[in-house]
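Student: A single structure is presented below for examination.
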Amino acid sequence: MLNHLASLFRASISLIPINRSSKVAGRSQNEYQTTCLPKQIETLALIDLNCLIQAQIKGIILDLDNTIVSEDDRYLSPNAEDWIEQAKSLGLKFYILSNGKRRYRVRYWSARLDIPAINPAKKPFPSAFHKAFHSMQLAPEQVVVIGDSLHTDVIGAFWVGCPCIQVATLPHPPRWWEIILGRFVQIPYPKGFELWKFDPAHYQN
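Residues 1311 to 1515 (the numbering used here) are what the sequence shown spells out, left to right.
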């Protein structure tokens, strides 16, 4: 039953119309985004920034929990901060949208990464996404959403007309709903993949 519901959920996403008509050297932006941008990838830092540029991406909306830092603050996504800085050097704009309940964590990472944030973002509902577009002064098709959850990040991106890249969720103690639905909405972090440790004492500094 759950497998059937998950299949229907994914199918419904694919039916949501997205209007992307701008051209890049004879090819549409949608063609570049379809052929160049991965739908899923292991970690944030493995996303090819050149592909984002070719696809005319100018902004990135990032999830926080289990995308950049694990929910229990044990792990960081490897090389994520260097990747973000490199993306900024190429002129890409950033925004963090987090549904996390611990606002001090969002404030900390917003300051550490020098990225504005909305919390609680109430993803997948569109309001926070549109606020981010307005702040970045970009159209939805110019922004890619990167996060670990199908039901918040991926479906939220499709509802507002953005491409989306789903990353593997960083290891963390499963929340109650993840015990039941996690395997349908998240990509497990690959065994043997590098993990960076994080000390939550940083929040007290």
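Backbone N, C-alpha and C fix where the C-beta goes; we use that ideal spot for every residue, glycine too.
Suppose you measure from the CA of lysine 1333 to the CA of arginine 1417; what does that come to, to the nearest Å?
Tutor: At lysine 1333 the pLDDT is 48, less than 50, meaning the model places this residue with poor confidence and gives no usable figure here.
Student: How close, in whole Å, do the beta carbons of isoleucine 1406 and leucine 1356 come, if the pair is a contact with beta carbons under 8 Å?
Tutor: 19 Å between Cβ atoms; not a contact.
Student: Can you list, in chain order, the residues of its chain whose CB lies under 6 Å from that of glutamate 1381, leaving out five sequence neighbours each side?
Tutor: Excluding sequence neighbours, glutamate 1381 sits near Asp1375, His1482.
Student: Tell me whether lysine 1403 sits in a helix, a strand or coil according to DSSP, three-state version.
Tutor: Correct three-state label for lysine 1403: strand.
Student: Look at the Cβ atom of aspartate 1463, then the Cβ atom of glutamine 1496, and state whether they are nearer than 8 Å.
Tutor: No. Outside cutoff.
Student: In the DSSP assignment, the alpha helix (DSSP H) including cysteine 1472 goes from what residue to what residue?
Tutor: No alpha helix (DSSP H) contains cysteine 1472, which DSSP labels as neither H nor E.
Student: To the nearest angstrom, how far is the alpha carbon of glutamate 1395 from that of lysine 1368?
Tutor: Straight-line Cα distance between these residues: approximately 14 Å.
Student: Is it buried or exposed, glutamine 1452, if we count other Cβ atoms within 10 angstroms and call 16 or more buried?
Tutor: The residue in question, glutamine 1452, is buried, as its Cβ has 16 or more Cβ neighbours within 10 Å.
Student: Taking only the alpha-carbon atoms, compute the straight-line gap between cysteine 1346 and proline 1450 and give it to the nearest angstrom.
Tutor: Cα to Cα, the separation comes out at about 18 Å.
Student: Only counting the same chain, and skipping five residues up and downstream in sequence, which positions put a Cβ closer than 6 Å to that of phenylalanine 1404?
Tutor: Excluding positions up to five away in sequence, the list reads Ile1370, Ile1425.
Student: Does DSSP classify tyrosine 1513 as helix, strand or coil?
Tutor: Helix.
Student: Can the beta-carbon of serine 1387 be found less than 8 Å from the beta-carbon of threonine 1353?
Tutor: The answer is yes: Cβ separation under 8 Å.
Student: Rank Trp1469, Ala1397, Lys1432 by C-alpha distance to the C-alpha of lysine 1411 and give the top, closest one.
Tutor: Residue Lys1432 is the option with its Cα nearest to lysine 1411.
Student: Rounded C-beta distance between isoleucine 1351 and isoleucine 1475? I'm assuming under 8 Å.
Tutor: Indeed, because the Cβ distance is near 6 Å, the residues count as touching under 8 Å.
Student: Helix or strand or just coil, what does DSSP make of leucine 1372?
Tutor: In the structure shown, leucine 1372 sits in a strand (DSSP, three-state: E or B).
Student: In three-state terms, what does DSSP make of alanine 1427?
Tutor: The answer is strand: DSSP assigns alanine 1427 an E or B state.
Student: Considering only residues of the same chain and omitting the five flanking positions on each side of leucine 1460, which have a CB-CB separation below 6 Å?
Tutor: Around leucine 1460: Val1495.
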